[in-house]
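J.: Input: one structure, supplied below.
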């Protein structure tokens, strides 16, 4: 074993020390391999031929390093475990920063077939140090650690990887590094968590807060603060702590109380002679004009005597005085014949320091020595109160009376004082003209005659005047048709008009005339109509008969159109729930690559060969059945640079493994649809085989949904399902049966477009061994598979439809595991006994009904993918159809025990309960709010849950429904009781 290539790494430790010092001010370090300074005491397993420790003096201090390099041996499984790491109670997520070297496998001899270029990071939680006890089964995998750059003997390359460890809940934990055949050296491991330090922002104090864990689906943690002394806020002060330990986005800023101003993040009392009237962060202001000098901390400055503030005046303005009287009040007769005069005046000399001057006019009428208010016997234009102009027209004054007019000037503070500022004038109006006609009356009428009369204003004798009467038919008004009125001049105030048309409306106007002239005032226009002429019954009956004939003809035409429409509808049996038109299948049909005698021929036919020099690997993003999956860049000649996913075939493969690996490319290469993952090409002619596909930024659909629980509307979720259905219709039309349709095999790009993927025929269908059911024909994903496919391995497009129904449930439940914690045998038994998954929370009824159609026992009655696609399109075109929500039973849909944990025993703590409903990220919220027992939980209402910081609607409902299930003491949860 050659370790000489490892030695130069120790000279880099001095540089790394500087990096650590600059970071520790922002992070709470739990473990630092470099700073420990002494024997690390880490555990290795097995004891022989695995990880080894080495030390090197640097600046007078020994540095310890671990390395392993068993690339020539097969089946390596070497473990290196840290000492027990104590966890801060609130730090449910920590970061592991690793500095390491990995040697390039190509730098070894060809015999080193098992050489790897990655190793694995694991973790195990415990409430106490278990010493040297070590069992691999206690550890869960955190991540695969891959170098960005590998090293060879002449070129040492440092790699730095930082991985989060999520969902920690116990008092401490261990880290472990698993080597599976790499040549690697670890010389620095640092474990830390991030906090936002205690601070004062916008006059609010906020406590030190552990940064938000990754599993909260959000990048920010909401923190509640408190206003500093003498500051208030309408809403509770909030701020957000980022994952990087930074405070951002303060909400509901605190403001200084009245009488206080901001000084250096505190609220100080206003000085004497200054005031602040409202809650704000403005500075105190000096007392305004006409006010007393205030005392310290004053909210306002009081007005001097004789000065006022109007109710609507802010306390910041000066106090005002009363206005003086209007000047130069005069009365001028404008239309003596019609009883009108004009009052006019000049503004007051002193407005009291205000601009809101208005005027009120009062009127008194006197007959002899008796005077009384004019009231509504006179008219004012524009008004007699709140006049802004300095004149007013007074009308309908009567002759031979004396009038007294008083004009009062007012401003905004006049109502606060009993003093008045008025000017008065007395005048009389002499009668010289005709009176006004005050009303017309219908005396008698027939089909051709109208008898009318009218009256005049008081104090005038109607017989002393002549009258001009004008009339015309209403629809022949001169203003509309240009025809003239008929005009009559009369000596009396009544008239009989003859030779009129029957059933006709006439317009009338009458005017009183003086004997000296023809000048007078018109009356209000009036309408009167003549009676119908007797003898038109036959005409009416004829019109009715004609209308009936027309209606009959219309009904006959409508009946014929309806029959014609029915004759064009498609004939034949259809599903009672769906209807769609037949659609043509694609011209080509899927070809099974296993039918080729030489599988390489299928690859060459359906996939393009890419030279490895055109591919750049960037980052490991996953591990598949055959090897690791990288994110990378494809720079093919004549094409734009594109981001791609690179599936690799691990070293030491057999020929069968290579054929199975490339068969997925042979399948994928036959498809071309926007909702099917696109194959870019393959690498088959070089040592390392690869499959290159388009890169989907948001990864697998099930994880994306869990990360964004409650953040998308039903409309968006149905849009995702529409894309999956379109892809599956395309595959079905090509006669391809997927067999493993599940949300984990749907990929999502940056535009939230969903694409069907994972077309491998030989693969482990789930990471969880319980996720598949082994039969003589291979492995089956039980939770997603139709009953006939489980029992008889009868895979058809109809069985894919069943799986699509499960995918619909996963999407609407934001990535919830189908059938929750039931075993595979329980799932199969439940399905055979007619149990179906209940509607997810907030699932539209139409969508859930479609799920149930997909899960019909008789596969011939299930809808086809073209039917599913048609229905989803209809729902998206009519968003209103998504507002009706399916019935939801929280005890079944969230799998909540009514009073106990999953083993039947009562919940021992609030944290255990929250973990059971996958809401453990809110443990700290409950603890900070003082909710520490299940008895307190049972008393909570929706508003209480919101107040402790649960903001996402989906999370709020999940916790609320959970409490509802806990309160149901008499129910025993059974998945078969639906």
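Residue numbers (the working numbering): 22 to 999. Quick reminder that beta carbons are idealized off the backbone N, C-alpha and C, glycines included. Model, not experiment: these values are computed from the prediction.
Would you say the stretch 739-756 touches the stretch 654-668, given that touching needs at least three Cβ pairs under 8 Å?
T.: Touching, no.
J.: So, under 8 Å CB-CB, residue 835 and residue 975 are touching, yes? Tell me the CB distance rounded to an integer number of Å.
T.: Right, the Cβ-Cβ distance comes to about 6 Å (below 8 Å), so this counts as a contact.
J.: Under DSSP, the alpha helix (DSSP H) around residue 832 begins and ends at which residues?
T.: Counting along the chain, the alpha helix (DSSP H) containing residue 832 begins and ends at 818-833.
J.: If you scan the stretch 505-536 from start to end, which runs of the beta strand (DSSP E) of 3 or more residues do you find wholly inside it?
T.: If we require 3 residues or more, the beta strand (DSSP E) runs fully inside the stretch 505-536 come out as 507-511, 515-518 and 526-534.
J.: Which whole runs of the alpha helix (DSSP H) in the stretch 926-974 are 4 residues long or more, in chain order?
T.: Here the runs fully enclosed are 931-937, 944-949, 955-959 and 963-968.
J.: Please list, in chain order, all residues of the same chain as residue 231 whose beta carbon is under 6 Å from its beta carbon, the five residues on each side excluded.
T.: Same-chain partners within the cutoff: 111, 112 and 216.
J.: Could you tell me if residue 211 is buried or exposed, where buried requires 16 or more neighbouring beta carbons within 10 angstroms of its beta carbon?
T.: Buried.
J.: Within its chain, find whatever has a CB closer than 7 Å to the CB of residue 693; leave out the 5 residues flanking it on each side and keep chain order.
T.: None.
J.: Could you give the DSSP three-state label for residue 733: helix, strand or coil?
T.: The answer is coil: DSSP assigns residue 733 none of H, G, I, E or B.
J.: Which residues does DSSP pair with residue 774 in a beta bridge?
T.: Paired residue(s): none; residue 774 is not in a bridge.
J.: Name the DSSP beta bridge partners of residue 185, please?
T.: BP columns for residue 185 point to 116.
J.: For residue 217, does the three-state DSSP call read helix, strand or coil?
T.: Residue 217 falls in the strand class under three-state DSSP.
J.: So residue 345 packs on residue 375, CB below 8 Å; how close in whole Å?
T.: With 8 Å as the limit, residue 345 and residue 375 do not qualify as a contact, their Cβ atoms being about 12 Å apart.
J.: How many angstroms separate the CA atom of residue 980 from the CA atom of residue 817?
T.: Distance between the alpha carbons of residue 980 and residue 817: 40 Å.
J.: Looking at the unbroken beta strand (DSSP E) that takes in residue 636, where does it start and where does it end?
T.: Segment 636-644, the beta strand (DSSP E) holding residue 636.
J.: Here's the rule: buried if 16 or more other CB atoms are within 10 angstroms of the residue's CB, otherwise exposed. What is residue 120?
T.: Residue 120 comes out buried.
J.: DSSP has residue 711 in a bridge; who is on the other side?
T.: BP columns for residue 711 point to 669 and 704.
J.: Taking the beta carbon of residue 707 as the centre, do at least 16 other beta carbons fall within 10 Å, making it buried, or is it exposed?
T.: Classification of residue 707: exposed, given that the 10 Å Cβ count is below 16.
J.: According to the neighbour-count rule (16 or more other Cβ atoms, all chains shown, within 10 Å of its Cβ), is residue 813 buried or exposed?
T.: Answer is exposed; the Cβ neighbour count stays below 16.
J.: Do residue 801 and residue 811 have their C-beta atoms closer together than 8 Å?
T.: A contact, by the Cβ cut-off of 8 Å.
J.: Label residue 433 either buried or exposed according to how many other C-beta atoms from any shown protein chain fall within 10 Å of its C-beta, with 16 as the threshold for buried.
T.: Classification for residue 433: buried.
J.: Bridge partners of residue 462, per DSSP?
T.: Residue 462 pairs with 474.
J.: Would you mind reading off the limits of the alpha helix (DSSP H) that contains residue 815?
T.: No alpha helix (DSSP H) holds residue 815; DSSP gives it neither H nor E.
J.: Hey, residue 902 and residue 893: beta-carbon distance below 8 Å or not?
T.: No.
J.: According to the Cβ coordinates, are residue 444 and residue 350 closer than 8 Å?
T.: Result yes, Cβ atoms of residue 444 and residue 350 sit closer than 8 Å.
J.: Do residue 637 and residue 653 have their CB atoms nearer than 8 Å?
T.: Against a cut-off of 8 Å, the Cβ pair of residue 653 and residue 637 comes out as a contact.
J.: State the start and end residues of the unbroken alpha helix (DSSP H) segment that holds residue 889.
T.: That run of the alpha helix (DSSP H) goes 886-898.
J.: In the DSSP assignment, find the unbroken beta strand (DSSP E) run with residue 289 in it and report its ends.
T.: 287-290 is the span of the beta strand (DSSP E), which, as asked, contains residue 289.
J.: Under three-state DSSP, which class holds residue 678?
T.: Helix.
J.: Within a Cβ cutoff of 8 Å, which residues of the same chain sit near residue 988, ignoring the five residues on either side of it in sequence?
T.: Excluding sequence neighbours, residue 988 sits near 959.
J.: Work out the CA separation of residue 242 and residue 270 for me, nearest whole Å.
T.: Rounded to the nearest angstrom, the two C-alpha atoms are 11 Å apart.
J.: Candidates 220, 70, 87 and 69: which alpha carbon is nearest residue 77's?
T.: Residue 87 is the option with its Cα nearest to residue 77.
J.: When the Cα atoms are used, what is the spatial distance from residue 408 to residue 354?
T.: Roughly 20 Å between the two C-alpha positions.
J.: Can you give the Cα-Cα distance for residue 945 and residue 951, rounded to whole angstroms?
T.: One C-alpha to the other measures close to 10 Å.
J.: If we count Cβ pairs, one from each stretch, closer than 8 Å, do we get three or more for the stretch 456-472 versus the stretch 515-530?
T.: Short answer: they touch.
J.: Checking 8 Å against the spacing of the C-beta atoms, do residue 168 and residue 138 come in under that value?
T.: Result yes, Cβ atoms of residue 168 and residue 138 sit closer than 8 Å.
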